[in-house]
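Visitor:
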Amino acid sequence: MTEYDIQREMSKIEAPVILFENVSKEYQKGVAAIENINISIYKGEFVFIVGSSGSGKSTLIRLLMKEILPSKGKVFVAGREIGRLRRRQVSKYRRSIGVVFQDFRLLKDRNVFENVAFAQRVVEAPIREIKRQVPKMLSLVGLTDKYKAYPGELSGGQQQRVALARALVNNPVILLADEPTGNLDPKNSWEIMTLLEEINKRGTTVVVVTHNQEIVDRMQKRVITLKNGRVISDEEKGRYKYAKN
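Just so you know, we're using this note's numbering here: the sequence shown kicks off at 31 and counts up by one.
(1) Hey, I245 and S219 are a contact pair by Cβ (cut 8 angstroms); roughly how many whole angstroms apart?
(2) If you follow the beta strand (DSSP E) that D208 is in, where does it begin and where does it stop?
(3) Closer than 6 angstroms: is that where the CB of Q150 sits relative to any heavy atom of the ligand ATP?
(4) Verify the CB distance criterion: does S88 have a CB-CB separation below 7 angstroms to chain D?
(5) Please work out which residues of its chain come closer than 7 angstroms, Cβ to Cβ, to D10, disregarding the five sequence neighbours upstream and downstream, and give them in chain order.
(6) Let me make sure I understand the geometry here. Which of T224, P202 and V77 has the alpha-carbon closest to that of A108?
(7) In whole angstroms, what is the alpha-carbon distance linking I254 and D139?
(8) Could you name the residues of the same chain whose beta carbon sits closer than 8 angstroms to that of K217, not counting the 5 residues immediately before and after it, in chain order?
(9) Sort V53, V105, Y57 and T224 by Cα distance to V47 and report the nearest one.
(10) Using DSSP's beta-bridge definition, name the partner residues of Q58.
(11) Could you tell me which residues DSSP puts in a beta bridge with R260?
(12) Would you tell me roughly how many angstroms separate the C-alpha atoms of K161 and A179, rounded to the nearest one?
(13) Mark K267 as exposed unless 16 or more other C-beta atoms lie within 10 angstroms of its C-beta, in which case mark it buried.
(14) Confirm, please, whether the CB-CB distance from N200 to A149 is below 7 angstroms.
(15) Which whole-angstrom value describes the C-beta separation of V152 and R125, a residue pair presumed to lie in contact below a C-beta threshold of 8 angstroms?
(16) Starting from G268 and walking both ways along the beta strand (DSSP E), at which residues does that stretch end?
(17) Could you tell me the distance, in whole angstroms, from the CA atom of Y123 to the CA atom of V171?
(18) According to DSSP, F131 sits in a beta bridge with which residue or residues?
(19) In the DSSP assignment, find the unbroken beta strand (DSSP E) run with V236 in it and report its ends.
(20) Compare the beta carbon distance of L136 and P100 with 7 angstroms and say whether it is the shorter of the two.
(21) Can you list, in chain order, the residues of its chain with a C-beta nearer than 6 angstroms to that of V238? Leave out the 5 residues immediately preceding and following it.
(22) By alpha-carbon positions, which one of V192, N230 and A155 ends up nearest to L168?
(23) I157 lies in the alpha helix (DSSP H); which residues open and close that run?
(24) Got a sec, what are the start and stop residues for the beta strand (DSSP E) I222 sits in?
(25) Per DSSP, which one or two residues make a beta bridge with F78?
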């Protein structure tokens, strides 16, 4: 067992950074998108959530973002039940979580520097902090020389790197990546996953929702598999072997 593995095991002595406790969500009366979900994710873990369309993956992400509330059960993030957050607290909560989407969601009329800086301006970070943090994040994702470029001048892989830098600039404890390689070719997909792994090694808890079987199988991370709204498998070093059924 490596020192990194030991640190991960020790982190599990602490409370989960993400906890779904007997969570169900019904969008239509009697039809559950997820049912009786119990998931614990600890600080520093790298977790894949997989499953076919309609298995409940998107519902989990929407619950974590507090876009929806559970019909039953509780969702905790960093020890806090997010269902109890007041409306004025929700935006602040969302800013504390890094999120990366399949479609990048960059501001087309702003350059790379300003796209990343936007996340800091929203939390009213001082200008000196923005000038320090943004170049640091662009260096991390390998885009130091692209800070003046606009999204339309970048490849898909580069745009996803900008999205990653933006998600990380406020030092979130958790990074949620919803199909981060869905619009990328294999080469760029692996570059993004390598970046996510490096970010995880720096201490950020990474949760990736994906359909990419090759990536899941090769990376050998923890894999939570959903089917028909239920957890059917949770393996420490898993594969994408159940999700197709």
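Where is the CB? At the ideal position from N, CA and C, for every residue including glycine.
Guide: Considering the structure as presented:
(1) Confirmed, about 7 angstroms.
(2) I204 to D208
(3) This structure simply doesn't include the ligand ATP, nor any ligand for that matter.
(4) Any reference to chain D falls outside this structure, which holds one protein chain only.
(5) Residue numbering for the chain in the displayed model covers 31 to 275; residue 10 lies beyond these limits and cannot be assessed.
(6) P202
(7) Annotation: I254 to D139 spans about 38 angstroms, alpha carbon to alpha carbon.
(8) G187
(9) V105
(10) V61
(11) K257
(12) 17 angstroms
(13) exposed
(14) yes
(15) 6 angstroms
(16) Per DSSP, G268 belongs to no beta strand (DSSP E) and is neither H nor E.
(17) 25 angstroms
(18) D208
(19) Segment T235 to V239, the beta strand (DSSP E) holding V236.
(20) Not a contact, by the Cβ cut-off of 7 angstroms.
(21) The beta carbon of V238 is closer than 6 angstroms to those of F78 and A207 in its chain, skipping five residues each way along the sequence.
(22) Shortest Cα-Cα distance from L168 to any of V192, N230 and A155 involves V192.
(23) I157 to L170
(24) Taken as a continuous stretch (DSSP letters only), I222 belongs to no beta strand (DSSP E), being part of the alpha helix (DSSP H) at P216 to K231.
(25) F78 pairs with V238 and V253.
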